[in-house]
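Visitor:
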Amino acid sequence: MEEAGVGTDDVMVLPGFIDLHCHGGGGADIMEAGNAPHTVAATHAAAGTTALLATTMTAEVPDIEQALAAANRAALEPGDDEAAVLGVHLEGPFISRSRLGAQPDFVIDGDTALMERLMGLARIRVVTLAPEADPQ
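Take 1 as the starting number for the sequence shown in the UniProt record's numbering and just add one per residue.
#1: Please go through the same chain and pick out, in chain order, the residues whose beta-carbon is closer than 7 Å to the beta-carbon of F17, but skip the five residues on each side of it.
#2: Are A33 and V88 touching if we call contact CB-CB under 9 Å?
#3: Report yes if the C-beta distance between A70 and P37 is below 9 Å; otherwise report no.
#4: Round the Cβ separation of T58 and I95 to the nearest angstrom and send it over; I've been treating them as touching at under 8 Å.
#5: Taking DSSP as the reference, what is the three-state secondary structure of A28?
#6: Leaving out five residues before and five after M31 in sequence, what residues of the same chain have Cβ atoms less than 7 Å from its Cβ?
#7: Here's the rule I'm using: 16 or more other beta-carbon atoms within 10 Å means buried, otherwise exposed. How should H44 be labelled?
#8: When you compare each of L14, D19, E132, C22 to R99 by their alpha carbons, which one comes out closest?
#9: Among V13, L52, D10, which one has its Cα closest to the Cα of G24?
#10: Would DSSP call H89 helix, strand or coil?
#11: Could you pull the DSSP bridge partners for T128 from this structure?
#12: Just checking my contact of L20 with V126 at CB under 8 Å: how many whole Å lie between their CB atoms?
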């Protein structure tokens, strides 16, 4: 099918990929903060990802806070050739100590005040947590 002088025999139009669990790319890790989210977003855009959730790891709280702030800056000030950072997938620290998987042991039992503070730093869209770890 040809329309308006554009041949479509060798062309496919597909929706962009949206990555909901993205720890890094291009040699950068979201937890590095700084410009890492921009590097990650540019790397993923080059491979067809149009949007992503910057995903954290269980870590010391100041490290999580820095990663959230950097991801938020990348979301608000995207580069021209970057996937859109739609927000954050907060993976921990409210996870099960007995089911850490690849996460380091910086587990915190449910903490509403901390969660509210983290939510003030970035648009947290997904949270991986252990509901059975409620301290009450």
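No residue lacks a Cβ here, since even glycine has one placed at the ideal position from N, Cα and C. All values reported here derive from a predicted model rather than from experimental measurement.
Guide: To lay it out plainly:
#1: G48, T49, T50
#2: no
#3: yes
#4: 6 Å
#5: strand
#6: Result list for M31: T56, M57, A59, D63, A67, in chain order.
#7: buried
#8: E132
#9: Ranking the options by Cα distance to G24, first place goes to L52.
#10: strand
#11: E91
#12: 7 Å
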